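If you read the sequence shown in my numbering, its first letter stands for residue -15, the second for the next number, and so on.
For glycine and all other residues, C-beta sits at the position ideal for the given N, C-alpha and C.
Keep in mind the model is a prediction, meaning the values are calculated, not measured.
Scroll down for the structure; my scribbles are underneath it.
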Amino acid sequence: MAEIAIGTATYDDLLAVPPHLVAEILDGHLVTHPRPTMRISSVGSILGAVLTSPFQLNIGGPRGWWIIDEPELHLGHHLTVPDLAAWRHERMPEIPDAPWLDLVPDWACEVLSLSTERYDKGEKREIYAEAGMSNPNFSLSST
-15 MAEIAIGTAT
-5 YDDLLAVPPH
5 LVAEILDGHL
15 VTHPRPTMRI
25 SSVGSILGAV
35 LTSPFQLNIG
45 GPRGWWIIDE
55 PELHLGHHLT
65 VPDLAAWRHE
75 RMPEIPDAPW
85 LDLVPDWACE
95 VLSLSTERYD
105 KGEKREIYAE
115 AGMSNPNFSL
125 SST
């Protein structure tokens, strides 16, 4: 189950979270939840593999996208970690050599689980829309 720390969270708060947890800062609150189960990770991995061939590697598709698993996104005062995100080459000509991005993705996907569904469909969707993502309807159920 996701846990929320009350107050205005900082990046130092996020760095202090144990490595077995995923941590995000949503609306100033530190939100943590366990790493995804193997079944949920598998869904994200398969989707990433299916999308990477045509959209990133030009194998039977249009190419022109960067597809990244679990990127750390700094969007204003929010810090999110979608399961998958993608950027068009026109907006991000190359993948930066950096631990995080502040460029809003063109597309993001959250594999829903019981511990994250409320945030994924609520606050995170609103954060992506507020940041300028054109269509923040991005959830995928693992069930």
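If you run the structure through DSSP and keep just helix, strand and coil, what is E94?
Position 110 of the sequence shown, counted from the first residue, corresponds to residue 94. If DSSP states are grouped into helix, strand and coil, E94 belongs with the strands.
Neighbour-count burial assignment, D11, 16 or more Cβ in a 10 Å radius
Position 27 of the sequence shown, counted from the start, is the residue given in the question as residue 11. When all chains shown are included, D11 counts as exposed.
What distance in whole Å lies between the Cβ atoms of V15 and Y103, which are believed to be in contact at a cut-off of 8 Å?
Here residue 103 corresponds to residue number 119 of the sequence shown, with the count starting at 1. Here residue 15 corresponds to residue number 31 of the sequence shown, with the count starting at 1. Rounded, the Cβ-Cβ distance is 6 Å, consistent with contact.
Residue of G45, I30, G116 minimising C-alpha distance to D86:
Start at 1 with the first residue of the sequence shown, and residue 86 comes out as number 102. Nearest option by C-alpha distance: G116.
Backbone CA spacing between H58 and W84 [nearest angstrom]
Against the sequence shown, residue 58 aligns to sequence position 74. Against the sequence shown, residue 84 aligns to sequence position 100. Their backbone Cα atoms lie some 7 Å apart in a straight line.
When we look at the beta-carbon of I79 and count the other beta-carbons within 10 Å, is it buried (16 or more) or exposed?
Residue numbering aside, residue 79 sits at position 95 when the sequence shown is read from its first letter. Classification for I79: exposed.
Kindly indicate which three-state DSSP category D11 falls into: helix, strand or coil?
Residue 11 sits at position 27 when you count from the first residue of the sequence shown. Here D11 sits in coil by DSSP.
Is L63 near I51, with beta carbons less than 9 Å apart?
Here residue 63 refers to the residue found at position 79 of the sequence shown. Here residue 51 refers to the residue found at position 67 of the sequence shown. Contact flag unset, no.
If you follow the beta strand (DSSP E) that T64 is in, where does it begin and where does it stop?
One-based indexing of the sequence shown puts residue 64 at position 80. Segment 62 to 64, the beta strand (DSSP E) holding T64.
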